[in-house]
Structures are given as C-alpha cells and as structure tokens.
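Each remark here refers to the structure printed beneath this line.
There are 2 protein chains.
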Amino acid sequence: MDTKKTPDHTALTPAQMAEQTGVSIETLRYYEREGLLQPVERATNGHRRYSSADKHWVEILRCLRDTGMSIEALRTYCQLGEQGVHTQPERLALLEEHKRLVLDEIETKKQAIERIDHKIQYYTEQISMAGATAKATQPIKGAPHER
Amino acid sequence: MDTKKTPDHTALTPAQMAEQTGVSIETLRYYEREGLLQPVERATNGHRRYSSADKHWVEILRCLRDTGMSIEALRTYCQLGEQGVHTQPERLALLEEHKRLVLDEIETKKQAIERIDHKIQYYTEQISMAGATAKATQPIKGAPHER
DNA sequence: GTAATACCTGAAGCGCACTCCAGGTCAAGC
DNA sequence: GCTTGACCTGGAGTGCGCTTCAGGTATTAC
C-alpha cells in the first residue's frame, strides 16, 4: 500500500547525489538522457530526487566507466536489465567479457610499469654518477635509448 | 667518419615501421608533427626512413601512451630529452610521477574487478537457481541491486 | 609512355564523453 | 513584491587523439 506516494526521506537532491557519487550533476543528467539511468523520480517542483537504489546503480556505472566500458555498452547492459530476468545470461556474459578486458589492461599496465622502471633505474644511475664524478661521464657501454 | 651518409641498411619504411610498432603511418606522422619524434631521416625521394632508434623510441611512446600519458606530457618529456643530460632529474621525476599514476589505476581496476566479480557471482547463482527450480524463484532475501 | 604503388603535405573531420549555455520555473527569505 | 538559489530544458560547444581527405611527387613494372 505504500507503493507510490511515500515521500522517501532518504532521497537525494542532484547536488547531494553529485557529491556522494563523484558524478557531476550534468553527467547524471547526461546518463539519464542516454538511458543509463531510467527516468529519475521527481519532486513536485520537477526537480530530480535520486533514490538510494539510483545511488547504488550510479556507483556501479562509475565502476564500469572507470574501467573503460563505453556508454554504448552500458546502455545495452541497462536495457537488458529492463527486459527482465531472462536476460541475466546475457548480462553475465557482458560482465565476464568486460572483466577479461580489464584484466588484460591490468596486465598491459604491469608490463608498462616494468619498462618504466627500467628507465627510472637508468636515470637514477646516470644522475648519481654525474653527481659523484662531475667529469668523465661517458654514458657507459651502450646507453639504452636516451631521452 | 661514417657519421652522415651511411645509407643505413636497417632503416624502416613507414609501412614497415607501422607494422612493427603497431602504430599507424598517420599516427607516426602525427607524433612527429607534435614533437614526440624529432624529424625523421628522409630518403632521397623525401620518404621517411625510420632508424632502429626511432623504432625503440616509438615503442616507449606506445608504452607511455597505453598507460595514459597525454600527448602534452610526452611532448614535455621529449623536449627535456632534447635539452641534454642536465634535464635527467626532471625526466626522472616525470616518469616516477607517471608510474605512481599507473599504479593507482591498476589499484582502481583491481577494486573494480572485485565489484564486477560480485555481480558475476550473483548472476551465476540466479541463473543456476532458475535452471534448477523453474518455479519459486523469489530473488531470495534482498537481491542486491538488480540489473 | 602509362599505370600502379608508396609516400608526401596541409588542413579538415570525427567519435567519444562529457560540459556549458541561454532562457525559464519554482520555493524560500527578506 | 523582489531577489536568490537550486534546478529545469534543448541544444551547442569542447578537448583529446587520432584519421581522413585532396592534391601532388617519385620510383618501379610493363
């Protein structure tokens, strides 16, 4: 019986929502326009009132966006969600695919870190040597890729 | 004495360079325009000839770009390199800063993975349950954030 | 000589994910 | 009654990192 008119005391104003999720008011509206958020509740004056479910969902959106999922893919995911439980396998597949992508990215970055570390070490050596023997700083045998 | 006119048999054509570095011909030119690559050698017909040093450098550029360093930051880094060894400390600082950023990103992604795994697990359970007891699939107590 | 291929240049265009703007409404405070 | 502030709308603008285009040149293959 309290399905429709409860004023929902926990609802958030756009400003509060933005602050608590780290997603700007404009971006929240943008997400709604793009179908990443189904139409948000309104107060009598037409202002949006975000529910805690909205907040939770936006946090998930952020998590997926932060890991590079496109707006397009997120829209697909949302639409599947709206179509009911029978789309769960598809949603699962989508998430698993995304997870794989993210794991790959992590791997790429780790390898990059190694490479960067190499250069860091090279510079560190060079600099400490330059400090010690102000002269005679031949780049030693085959200085790797200067720059 | 062989400082200038050696035809350099190991030099790469744009097409070869693109294939071997995974960076397109257009992007290579773009990088050069943007000062990420100092002007590349030319054959007598005006075509670019990339040295193995160029190749090495482009691989580093890729590594840094892949980990999110901006074109702007890369330009700075290159310019420092052109200014001589006395900029090594600055370059070192730049790399260390970037490394920190990349480590942070990895951390963010790992956390995201955990969250994604949660949802994957949730869907997996839901789906297997739906398969087993085609009926009576109440979402159990407090189904977390459907969608 | 002709055509195909590989490259050149400067400049315009594109896709993505926002972000900003102009002009308007509503409620509260003075 | 008037101002202020938070929010609304549709639509235009922005920044980044390429990518494409139009028009041209040099070498090789026939």
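If you're matching them up, the sequences are chains R and E in order.
Here the first sequence is numbered in our numbering, starting from 280 and rising by one per residue.
Here the second sequence is numbered in our numbering, starting from 280 and rising by one per residue.
Using N, Cα and C, we set each Cβ at its ideal position, and we do this for glycine too.
Does any residue of chain R have a CB that is nearer than 7 Å to the CB of E:Ile405? Note that residue 405 of chain E is Gln in the sequence shown, not Ile. Interface residue, yes.
Residues within the region 320 to 339 of chain E neighbouring chain R, beta-carbon criterion of under 9 Å: Cβ proximity to chain R below 9 Å picks out Ala332, His335, Trp336, Glu338, Ile339 from the region 320 to 339 of chain E.
So, does the CB of R:Pro318 fall closer than 7 Å to a CB anywhere in chain E? Contact of R:Pro318 with chain E is not assigned, every C-beta pair being separated by 7 Å or more.
Across the region 313 to 333 of chain E and the region 373 to 382 of chain E, are there enough close Cβ pairs to call them in contact, namely three or more that are closer than 8 Å? Remark: fewer than three beta-carbon pairs, one from each stretch, lie closer than 8 Å, so the region 313 to 333 of chain E and the region 373 to 382 of chain E are not flagged as touching.
Cutoff 7 Å: R:Ala391 Cβ touching any chain E Cβ: For R:Ala391, the answer is yes, since a Cβ of chain E falls inside 7 Å of its Cβ.
Counting only runs of 4+ residues fully inside the region 323 to 407 of chain E, write out the alpha helix (DSSP H) ranges in chain order. Complete alpha helix (DSSP H) runs here, min 4: 331 to 345, 350 to 361.
Quick check on R:Leu374 - is its C-beta less than 7 Å from some C-beta in chain E? So yes, R:Leu374 belongs to the interface.
How many angstroms separate the CA atom of E:Glu386 from the CA atom of E:Arg341? Rounded to the nearest angstrom, the two C-alpha atoms are 21 Å apart.
So, is E:Arg370 buried or exposed, given that buried needs 16 or more other C-beta atoms within 10 angstroms? Per the 10 Å Cβ criterion, buried.
Rounding to the nearest angstrom, what Cα-Cα distance links R:Leu343 and E:Gln295 in this structure? The alpha-carbon atoms of R:Leu343 and E:Gln295 are separated by roughly 37 Å.
Residues of its chain near R:Leu291, where Cβ-Cβ distance is below 6 Å and the 5 sequence neighbours each way are ignored: Result list for R:Leu291: Tyr329, in chain order.
Between which residues of its own chain and R:Trp336 is the CB-CB distance below 8 Å, once the five residues before and five after are set aside? For R:Trp336, same chain residues with a beta-carbon under 8 Å away, outside a window of 5 residues either side, are Leu316 in chain order.
Using the C-alpha atoms, what's the distance from R:Ala411 back to R:Ala391? Their Cα atoms are separated by approximately 30 Å.
Between the region 303 to 321 of chain R and the region 346 to 356 of chain R, do at least 3 Cβ pairs fall closer than 8 Å? Output reads yes: the region 346 to 356 of chain R touches the region 303 to 321 of chain R.
Exposed or buried, what is E:Ile419 when buried is set at 16 or more other beta-carbons lying within 10 Å of its beta-carbon? Because the pLDDT at E:Ile419 is just 47, under 50, the model does not fix this residue reliably, and the value given afterwards should be weighed accordingly. Exposed is the call here.
R:Leu315 by DSSP, collapsed to three states: which one? Correct three-state label for R:Leu315: coil.
Alpha carbon of R:Thr403 to alpha carbon of R:Arg394, nearest angstrom: Take the alpha-carbon of R:Thr403 and the one of R:Arg394: they are about 14 Å apart.
List, in chain order, every chain E residue whose beta-carbon is nearer than 7 Å to that of R:Arg370. Tyr402, listed in chain order.
Listed in chain order, which residues of the region 339 to 350 of chain R have Cβ atoms closer than 8 Å to some Cβ of chain E? If the cut-off is 8 Å between Cβ atoms, the region 339 to 350 of chain R has Ile339, Cys342, Leu343, Asp345, Thr346 near chain E.
Cβ distance (whole Å) where R:Glu338 is taken to contact R:Thr300 below 8 Å: Confirmed, Cβ separation roughly 6 Å.
Applying the criterion that 16 or more other CB atoms from any shown protein chain within 10 Å of the CB defines a buried residue, is R:Gln405 buried or exposed? Buried is the label assigned to R:Gln405, since at least 16 other Cβ atoms lie within 10 Å of its Cβ.
Whole angstroms are fine: how far does the CA of E:Ile304 sit from the CA of R:Glu298? Annotation: R:Glu298 to E:Ile304 spans about 44 Å, alpha carbon to alpha carbon.
Could you work out which residues of chain E lie near R:Thr300, taking near to mean beta carbons separated by less than 9 Å? Close to R:Thr300, with beta-carbon spacing below 9 Å, lies no residue of chain E; the smallest spacing is near 14 Å.
Among the residues of its own chain, which have a CB less than 8 Å from the CB of E:Gly360, if the five just before and after it don't count? Excluding the 5 residues flanking it on each side, E:Gly360 has same chain C-beta neighbours closer than 8 Å at Thr366, Arg370, in chain order.
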